[in-house]
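Okay, so the sequence shown: first residue is 0 according to numbering that gives the first Met the number 0, each after it adds one. Cβ coordinates follow ideal geometry from the N, Cα and C atoms, glycine included. Accompanying notes for the structure given below.
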Amino acid sequence: MFEKSLVAYIYAETPLHPGSGTAISGIVDLPIQRERHTEFPMIQGSSLKGVLRNAPKGAKRGSSIALSDKCENCPKKENEEVKENCDICGQIFGTQEGVGGISVTDARILAFPVRTLKGVFGWITCPLVLGRYKRDLSFINTPPNWNLEQLNIEDKKVMIHGNSTLKVELEGKKYVYIEDLQLEAEERNDVLQSITSEIIKALPVNNAYKDIREKLTKDLVIVSDDVFRDLVSLTTEVVTRIKIDPKTGTVQTGGLWSEEYLPTDTIMYSLILIPSRLNNLKSEEITKKLMIYDGKILQIGGDETVGKGFALIKLVEGGDKNVKKS
0 MFEKSLVAYI YAETPLHPGS GTAISGIVDL PIQRERHTEF PMIQGSSLKG
50 VLRNAPKGAK RGSSIALSDK CENCPKKENE EVKENCDICG QIFGTQEGVG
100 GISVTDARIL AFPVRTLKGV FGWITCPLVL GRYKRDLSFI NTPPNWNLEQ
150 LNIEDKKVMI HGNSTLKVEL EGKKYVYIED LQLEAEERND VLQSITSEII
200 KALPVNNAYK DIREKLTKDL VIVSDDVFRD LVSLTTEVVT RIKIDPKTGT
250 VQTGGLWSEE YLPTDTIMYS LILIPSRLNN LKSEEITKKL MIYDGKILQI
300 GGDETVGKGF ALIKLVEGGD KNVKKS
């Protein structure tokens with residue numbers, strides 16, 4: 000039984016490439032991971048767990064992420080003093096020989112950034128995404144107080160906050176222009192306030208994120224499920240890259256490919272489920288160790304050496320007990 004839980008919010012500081020491998024079809028050679036049935040972007044739980052597992056090893060290079068003061072010597076596992084801590088890390092996240100004690104779910108999309116005619120950009124979400132989010136939070140006993148019946152919306156309309164900077168008034172009506180779409184705007188302050196009050200937990204409460212928190216509060220909009228699917232499928236970043244032959248100074252044969260990225264400012268979330276006891280570690284101790292990742296910047300996915308994959312991790316504690324394995 001899982002006794003405690005954390006919601007791990009992921010805020011993209013730079014474009015992310017959680018790659019799915021070679022493309023089966025389509026025009027992108029290296030696409031991102033997507034759900035098969037919805038085509039929504041996602042990140043495999045195994046990828047996230049690996050990122051968390053590997054982060055303490057960076058303590059030797061000056062990282063502030065360390066599960067104990069012994070992490071700075073990791074991965075010198077021949078040192079018995081260090082091995083004790085490596086065992087603790089292995090118990091939590093797993094090793095090559097066995098699985099870890101915590102469960103990390105796949106990261107799901109929560110809010111996706113899009114270009115707009117006014118206000119530069121905003122975030123979109125949809126009833127399907129919000130319904131999943133509510134069910135996931137209910138699973139860890141922290142359900143948001145939303146009425147999903149209020150979220151019925153037509154394809155040509157969009158729900159916005161009254162203070163949104165994205166709206167354009169034209170011939171007595173209000174619109175939001177997203178990419179090449181003209182969507183008639185319906186101001187629903189009550190709905191948007193209740194939703195943004197939850198999603199804004201993805202961002203730290205400090206001066207560095209003050210402006211982006213204010214923008215998220217005003218410029219999150221709700222579109223229909225179909226419009227959301229189309230936008231997250233068609234408006235990701237696609238970059239063409241080349242490999243230069245050092246002998247000729249020209250593109251190497253076969254050295255031309257395209258990569259897909261989740262754009263900067265994408266917001267996703269995952270659940271971390273913590274058992275009541277893990278050998279000699281109680282759930283409270285495990286939670287305390289995991290909270291060291293709160294507010295830290297980690298690298299997720301590929302292309303680390305070209306500045307991709309930097310993401311803010313924000314951890315929020317869920318409800319206690321009664322989080323059961325099925």
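- Cβ-Cβ distances below 7 Å link residue 240 to 256 and 258 in the same chain, with the five nearest sequence neighbours on each side left out; the list follows chain order.
- Counted as a single uninterrupted DSSP element, the alpha helix (DSSP H) harbouring residue 282 occupies residues 282-289.
- For residue 100, no alpha helix (DSSP H) segment is defined, and its DSSP state is neither H nor E.
- Bounds of any beta strand (DSSP E) do not take in residue 32, whose DSSP letter is neither H nor E.
- Counted as a single uninterrupted DSSP element, the alpha helix (DSSP H) harbouring residue 197 occupies residues 188-198.
- Ranked by how close their Cα comes to the Cα of residue 49, the residues 315, 309, 316 and 298 have 298 in first place.
- For residue 269, the uninterrupted beta strand (DSSP E) run begins and ends at 266-274, by DSSP.
- Using a 10 angstroms sphere on the CB of residue 317, the tally of other CB atoms reaches 16 or more, which defines it as buried.
- By the Cβ neighbour-count rule, residue 204 is exposed, with fewer than 16 other Cβ atoms within 10 Å of its own.
- Of the residues assessed, residue 147 falls on the exposed side of the cut-off, its CB having fewer than 16 other CB atoms within 10 angstroms.
- Secondary structure note for residue 257: its beta strand (DSSP E) is the uninterrupted segment 250-260.
- Distance from the CA of residue 181 to the CA of residue 129, rounded to the nearest whole angstrom, comes to 23 Å.
- Cβ atoms of residue 13 and residue 246 stay farther apart than 8 Å, at about 32 Å.
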